[in-house]
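Residue numbers for the sequence shown follow the working numbering, beginning at 889 and rising by one.
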Amino acid sequence: MKRTLLSLLLITTTTLAACNNNEDTEPQEERTTPVEVAEVTQDNFTIERKIAGRAAADGGTPVTPSIAGELVTLNVAKGDRIEQGQTIGVVSPPDQGSQVELQEIAVRQAQSQLDDARTQYDQAVEGVETAEDQVEIARQATNSESSQMTEQAQQQYESAQQIADEAKKLADEGTVPESIYEEAQKRADQAQSQFNQASDQGGMSSSAVAEAEAQVEQAEQAVAQAESAVEQAELGVEQAQIQLEDAREQSENEPVIAQESGEIASVEANEGDQVSNQQPFATIISLNPMTITASITDEQLSLFEEGQEIEVEIPTLDDTVTATIDYVPSVPDDTNLYPVEASVDNAEETIKPGMMASFLLPENVVEDALIVPTNAIVEQSGETYVYLLNEEEEEAVVERIDIEVVESQSDRSAITGDVTSEDEVVTSGQLTLTDGAKVEVMKEDD
């Protein structure tokens, strides 16, 4: 029995030993590592210099009513969004009823003065017509009656003088007494006197015409003065009506209209408060466009130029936007820095005042550099290298290449080493690789 058990143990031991020897002699299969690769490029390596800044709204638009009075309606509160043309509130002016009544009286008085001036003008025109009629009458009298009377007086004088001359002749001859001649001559002298008076009356008639013409001139001057008075009275009526309309408008409630779109930044009055037309009771801040400000050194001043478009990073929004430089100062502020300003479109109003922002200024650091993704670089035990993909063999393998990093950013780096443009380097899976290791390139769809 013991001999049988011993035989079984020997057989089992021999069998196990044979199995172990077979396992040691079988070749082990080499592991293939899945990797991702990227192409090496050759270009100018640029870095983005960041200059910290901040978003800021404009100085704000004050909301001031056009009239002073009671704020009877207030349609907004601090933080509300408002559009240009919307009604912010309504102001009721103090009692202006008495002022309207006074202006209505002034209009009536001005109208009465105008009526009087027009009446005086009409009378002056009639005075001219009357004076012209008097001139015509005087002229007719001069040309008819005066001439006829003078002619008759002249005939009577000539006849009387002829009789006196004949009487003198007869008296000289002794035919008639001397007294007859003297009487005849006396009558002739009287006729001459009457003739002279008639001639003088004709001159007096000419003087009457001149006097009538002078009255016409005076009447015309009166018309001109009356016409000027009418114009002044019409102007007085017009001014009184304007003042009446102003008084009526001031007596009506006045809406306060938003002059721009934006956000209500402050409200300093409540409904029922008295507001002034000299002091704003609210402020509107426009959020579009938004202003990005930064204080820069004199060394950075040359990097900015008015009108220049520049990228701005907004970390809070995880976004980069394009801004336009609006202002580059020539002199520093009190901190000896130069505050630059840029505007950026903010139609959606996602950028808020006070948000941090950074100006991104691209700068060439290395010209014609070999550029690889930063995550392709392996640093271990003081050595820096990358794995190049070699697909010339039947199976893809990698080759370790020592490199030197010239400049580096989070996403890409400039290097030197035995690498050429369009080589492919491993960007994922390289931490478990060794030189010559087999790999399988994973495609995007894998």
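Backbone N, C-alpha and C define an ideal beta-carbon position, used for all residues, glycine too.
Item                                                                                                               : Value
Segment contact flag, the region 1173-1180 with the region 1232-1249, C-beta cutoff 8 Å, min 3 pairs               : yes
CA-to-CA distance, A1112 to D1134, given in whole angstroms                                                        : 33 Å
Nearest candidate by alpha-carbon position, reference E837, set I1259, E1292, E1287, E1251                         : Residue 837 is absent from the structure shown; the chain starts at 889 and stops at 1334.
DSSP three-state assignment for A1121, whether helix, strand or coil                                               : helix
Cβ-Cβ separation, A1079 to Q1050 (assumed contact under 8 Å), whole Å                                              : Rounded, the Cβ-Cβ distance is 10 Å, inconsistent with contact.
Buried or exposed (CB count within 10 angstroms, at least 16 for buried), I899                                     : Annotation note: pLDDT 36 at I899 (below 50); position unreliable, coordinate value reported separately. Looking at its Cβ environment, which holds fewer than 16 other Cβ atoms inside 10 Å, I899 is exposed.
Straight-line gap, A943 to A1146 (C-alpha atoms, nearest Å)                                                        : 24 Å
Rounded separation between P981 and E1140 - CA only                                                                : 7 Å
G1324, DSSP secondary structure in three states                                                                    : coil
Nearest-angstrom beta carbon gap, E936 and P1203 [assumed within contact, 8 Å]                                     : Between E936 and P1203 the Cβ distance is about 14 Å, and since that is not below 8 Å, they are no contact.
T929, enclosing beta strand (DSSP E) - first and last residue                                                      : 929-944
Endpoints, beta strand (DSSP E) assigned at L1345                                                                  : Outside the shown range of the chain, which is 889 to 1334, sits residue 1345, and nothing can be said about it.
7 Å Cβ shell around D1256 - same chain, five flanking residues per side excluded                                   : Q930, N932
Beta-bridge partners of V1209, as assigned by DSSP                                                                 : V1200
Separation of Y1275 from N1263, as counted between CA atoms                                                        : 11 Å
Cβ contact (3+ pairs, closer than 8 Å) linking the region 1312-1326 and the region 1276-1288                       : yes
Residue range of the beta strand (DSSP E) that includes V1219                                                      : Taken as a continuous stretch (DSSP letters only), V1219 belongs to no beta strand (DSSP E), as it is neither H nor E.
Integer-rounded CB distance, given that V1228 should sit under 8 Å from Y1215                                      : 6 Å
Which of helix, strand or coil DSSP assigns to Q1127                                                               : helix
DSSP state of S1246 mapped onto helix, strand, coil                                                                : strand
Nonlocal neighbours in the same chain, by C-beta distance under 6 Å from D1161, ignoring five residues either side : L959
Burial state of R969, where buried means 16 or more other Cβ atoms lie within 10 Å                                 : exposed
Closest Cα partner of V988 within the set L1258, E971, L962, L1132                                                 : L1132
Whole-Å CB distance - F1169 paired with E1159, under 8 Å assumed                                                   : Incorrect: roughly 11 Å between the Cβ atoms, too far for contact.
Where the beta strand (DSSP E) containing R1300 begins and where it ends                                           : 1300-1305
Short Cβ contact (8 Å threshold) for G1317 with V923                                                               : yes
Distance, S1309 Cα to K1326 Cα                                                                                     : 23 Å
Candidates Q974, V979, D1207, E1054, of which the one nearest A956 by Cα                                           : V979
Proximity winner among V1104, T1223, R1075, T1171, relative to A1052 (alpha-carbon distances)                      : R1075
Bridge partner(s) assigned by DSSP for E1287                                                                       : L1276
Per-residue burial, Q1011 [other beta carbons within 10 Å of its own, 16 or more giving buried]                    : exposed
Same chain, Cβ closer than 8 Å to K966, five either side skipped, listed in chain order                            : I1152, A1153, S1154, V1155
Burial state of T1185, where buried means 16 or more other Cβ atoms lie within 10 Å                                : exposed
Among A926, R919, P950, the one whose alpha carbon lies nearest that of S1174                                      : P950
The beta strand (DSSP E) enclosing M1178, as first and last residue numbers                                        : 1178-1184
Coarse secondary structure for Q1085, derived from DSSP in three states                                            : helix
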